[in-house]
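Chains as they are written, first to last, in the working numbering: chain A, 422 to 622; chain B, 2 to 362.
Working notes for the structure below.
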Amino acid sequence: MRSVFWYLREFLRVPWIHAFLFAKTAPLLTPPYFREYPSLTDVECTHCFSCRMICPAPGAIEVLQEGGAWHPVIHRGHCLRCGLCVEACPEGVLSSGRILRWQEEDRTSFHATFHIAVDHTKCMRCGNCCVSCPVNKEQDPQMASGGHSSNDEVIMKIAGGKHTVIHEDRCVGCRTCEGACPNSAIQVARILEGLQGVAEG
Amino acid sequence: MKKVVDVSIPLGPVHPCWKEPARVKCETRGEKVLAAEVELGYMKKGIERIMKGRPWQEVLFLAERVCGICSVIHNMVFIEGMEAVSGIAVPDRAAYLRVIVNELDRIQSHLLANFSFCYTIEHETLAMYLLNTRERAMDCLERITGARVNKAFMIPGGVRFDLRDNDRAALLTDLDWIQNEVDRYTRMFDTGPLIATRTKGVGILTQEQARIARAVGPTARASGIAEDVRLAHPTYRKLNFAPLVRMEGDNHARIMLRFGEIFQSIGLIHRCLSDLPEGPIRGGGTCGAGETVSRGEAPRGELSYFILSDEYGRIVDIAIRTPSIMNIDACTHFMLPGVTSLADVTSVFVSADPCIACNER
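Listed below in structure tokens is the structure:
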């Protein structure tokens, strides 16, 4: 008998009946601080390839030209949502969570230097790296398929039957050459440094 | 020859009580376990091989993915190794922020380990309570770092994001909530008579046995060995860290020690937040050539990274030693033999908190 009273007292309460009839789980919302896949802001991309340089996931980001305008493309199946591309972009083209706003407030940035290393025992002087290089293409649009060029302003070219690096300082670290090399002979070391309170550039 | 073993019972690799695949082979006479053997190797990923030839900004993400539960400590030990190799100093504020995130990660890892144990002894109510509490710790981490599991928070020379004032207030509120909840569940666990029958005096690892098996982390500290790599860490030294120790060495001691460490972690975070110095969060500095062994206290024990890098900061060779392998050894050789009921085999194995993903990376 006592238990009957206990049950009645326990369950004939307005809050309990209300909870029983109108039970509803709170909707699942992505919180604003979650590092989502990077999305594009309205800022124009200058195709500096900083995002490609820093991206740790293979094949996650590309910088493509469509209708004369450049813009980064994120491949969601490959992206890790680490947010490094958002931090590396000097223009603020990409945004993810609160990273972009925090970066502006804290004045944090990444600075990178590059070193192009070619294994000459593997290199077969095909020139694919020199032709695929986007910086080379700007310096010398006429670069021949063998990677030969009369222009000395390019990053690298095939000169005298040998792969020659001329302007390592112009490298942006996009690693297009690594992907184009059939023998994995070329490697771009990216020496990255996290900075704060230093003007970018 | 006289047959001493009745039945050889394999448990796993797919077992409802285990979160990751491992096979425990038990030699039994009746219900009593005479000997046990753990068979690993169901989820080898080869991460160390993938790391070779890559710079820190790529290895960082691979190191985190060695273990999903304790990703922060992998991040921290690897980055501290790279800093030691290249002589990079960390700003004070960044060092404190690292400790805050690391301790939050320890809270969620211990809550998950205790959830796993409660689930294994079929106390699902307490298990679900603990898992619910863990969500709050994960939310804290997400608010600070932007991600729940693979945070990628630390970089050589500092951390990526600063702690904002409103996030700090929310963190303090959440920590109070976690402390109240865990306090309740600790009392439930400590005083529950049915829990006591499944935990007290089950799976005993004595201090000498723990030393022989080189047990680490909470498993060793529950057996009376006051070993903790955090004692040697400069930031933890500033916070007057002292490890918790229990003497019993049974299931109950291991779980209660983890509950104790959750409170200790909350205390450490409070101390960090009150001492948090102003200043930059990144000091800069490039990685260079060198060779080092970097150590840190993961939620399961001592984690060490051997790192060899070249002049451009790329990893030439790397070897990871995770804590669980020693604890699994202690479990196989000392905790499991002598267990009087086969139902306790799963709970004893889970109480050592074996992380198979860490082990096999």
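Built from N, CA and C at the ideal position, the CB exists for glycine as well.
Query	Result
Three-pair Cβ contact test at 8 angstroms for the segment 118-128 of chain B versus the segment 87-99 of chain B	no
Residue 166 (chain B) at chain A interface by Cβ criterion, 7 angstroms	no
Among B:213, B:50, B:101, the one whose alpha carbon lies nearest that of residue 142 (chain B)	B:101
8 angstroms Cβ shell around residue 361 (chain B) - same chain, five flanking residues per side excluded	41, 42, 43, 44, 45, 46
Contacting residues, own chain, Cβ-Cβ under 6 angstroms from residue 353 (chain B) (five flanking each side not counted)	220, 328, 332
C-beta atoms of residue 575 (chain A) and residue 594 (chain A) nearer than 7 angstroms	no
Cβ contact (3+ pairs, closer than 8 angstroms) linking the segment 263-282 of chain B and the segment 61-75 of chain B	no
Cβ neighbour criterion (16 or more within 10 Å) applied to residue 509 (chain A)	buried
Check whether residue 297 (chain B) and residue 77 (chain B) have beta carbons under 7 angstroms apart	yes
Residue 621 (chain A) versus residue 237 (chain B): straight-line alpha-carbon distance, rounded	Because residue 621 (chain A) carries a pLDDT of 47, less than 50, the predicted location of this residue cannot be relied on, and no value is offered for it.
Residue 488 (chain A) versus residue 72 (chain B) - alpha carbon distance	42 angstroms
7 angstroms Cβ cutoff met for residue 258 (chain B) and residue 223 (chain B)	yes
Nearest-angstrom Cβ-Cβ length linking residue 536 (chain A) and residue 313 (chain B), presumed shorter than 8 angstroms	5 angstroms
Selection of the segment 58-71 of chain B by Cβ proximity to chain A, strictly under 7 angstroms	58, 59, 62
Rounded separation between residue 318 (chain B) and residue 290 (chain B) - CA only	12 angstroms
Close-in-space but distant-in-sequence residues of the same chain around residue 601 (chain A) (CB under 6 angstroms, 5 per side omitted)	549, 550, 553
Alpha-carbon to alpha-carbon, residue 270 (chain B) and residue 113 (chain B)	19 angstroms
Strand pairing of residue 156 (chain B), partner residues [DSSP]	B:159
Residue 2 (chain B) to residue 356 (chain B) span [Cα, whole Å]	For residue 2 (chain B), the predicted structure reports a pLDDT of 41, less than 50, and the residue's modelled location is therefore unreliable. A value from the coordinates is still provided. Approximately 39 angstroms between the Cα atoms of the pair.
Contact list for residue 287 (chain B) against chain A, beta-carbon separation under 7 angstroms	612, 614
Neighbour list for residue 158 (chain B) in chain A, Cβ cutoff strictly below 8 angstroms	614, 615
Of the residues B:156, B:19, B:216, the one placed nearest residue 284 (chain B), counting alpha carbons only	B:156
Where the segment 524-556 of chain A meets chain B: residues whose CB sits under 7 angstroms from a CB there	527, 529, 536
Whole-angstrom distance between residue 345 (chain B) and residue 431 (chain A), CA atom to CA atom	37 angstroms
Any chain A beta carbon closer than 7 angstroms to residue 148 (chain B)	yes
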